[in-house]
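Participant:
Residue numbers (UniProt numbering): 1 to 266.
#1: Near residue 151, which residues of its chain fall below 6 Å by C-beta distance, leaving aside the five closest residues on each side in sequence?
#2: Report the three-state DSSP secondary structure of residue 3 (helix, strand or coil).
#3: In chain order, what residues of the same chain have a beta carbon less than 6 Å from the beta carbon of residue 97, not counting five sequence neighbours either side?
#4: I believe residue 208 touches residue 127 by the beta-carbon criterion, under 8 Å. Please report the beta-carbon distance rounded to the nearest angstrom.
#5: Give the range of the beta strand (DSSP E) segment to which residue 33 is assigned.
#6: Whose C-beta lies closer than 6 Å to the C-beta of residue 6 among residues of the same chain, with five residues either side of it excluded?
#7: Tell me whether residue 163 is buried or exposed, calling it buried when 16 or more other Cβ atoms sit within 10 Å of its Cβ.
#8: Would you list the one or two residues that DSSP bridges to residue 49?
#9: Whose CA, out of 24, 39, 38, lies closest to the CA of residue 32?
#10: Evaluate residue 12 with the Cβ neighbour count: other Cβ atoms within 10 Å of its Cβ, from every protein chain shown; 16 or more gives buried, anything less gives exposed.
#11: What is the residue span of the alpha helix (DSSP H) that residue 104 lies within?
#12: What does DSSP give as the partner residues of residue 96 in its beta bridges?
#13: To which residues of the same chain is residue 144 closer than 7 Å at the C-beta, ignoring the five residues directly before and after it?
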C-alpha cells in the first residue's frame, strides 16, 4: 500500500491534521479550565484553581475546598482513578472525568490516521469524518461538563454550615455568586490548544479538494480576508439595486401621460 511521502505533508490537507494531532496530545499538559474566587474569608487574596482534562487540580484547591464546604459544594469524585485532591463523601460521581485523556488521544490518533491516508479519495473522506467526529466529541464533552456542574450545584450537602443556599449552576465561562463567594470561570490554555486543533481540522477540510501547500496558506487567507469586504459590498450593492427597482413607484411614461390627457385641437 502506497504511503504519503514527507513532501505530501506540505499540503494543507495532510500537514494541518498532523499538527492538530500534536496539539490534542500537548493540550493534556495544560489546564482546561480556571476558576478564581473572592470571599470575605480571604480578604486580601484571590483563590485560583486550575482543572485538567483528567482528575488533577493545581493552585489553591485545598483552600477552595474548605470554602466550598460552607455551602456544601464539592469537587466531583472521578471514581475510576485516585485524584490529587481529597474527595468528600457527598461529592457527585463523575467517572467520565477519568476518561478525558482517552478522548484527546483518540482524536489525535484519528488525525494521524487521516493524514497518512494512501489515496486522495480516502484522505478527503477521512477529513470529512474526522472533522465531524471531533466536533461531536468535544460538543458532547462540553455538554457533559455543563450538566455535571448543574448537578453539583443542585445537590448541595444539606448538612453544610451555611443553610438555605439555593441551587445554582456554575458556568463554563462567566461570573457567578453564591452567598458571599464570587467566582469567575475561564477556559485554560489546554482548552484553547484543543480549539486551535479543531480549527486546523476545519481548514484542512476546507482545502480537501486542493493540493495547496502550507506555505501558500497565509497568502490564501490574506486574499480571502482582503476580498471579503469587496464581495460583501458588491453583494449588498447588487441587492440594493434590485430592491430599488422593485420598490420604486411606477410612474407613467410621458407617452402614457400624453395618451391619457390628449392636447385639445387648436
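In this text, a Cβ means the ideal position worked out from N, Cα and C, and glycines have one as well.
Facilitator: Taking the structure as given:
#1: 92
#2: coil
#3: 55, 78
#4: 5 Å
#5: 33-39
#6: none
#7: exposed
#8: 35, 59
#9: 24
#10: buried
#11: 100-115
#12: Residue 96 pairs with nothing; no bridge assigned.
#13: 96
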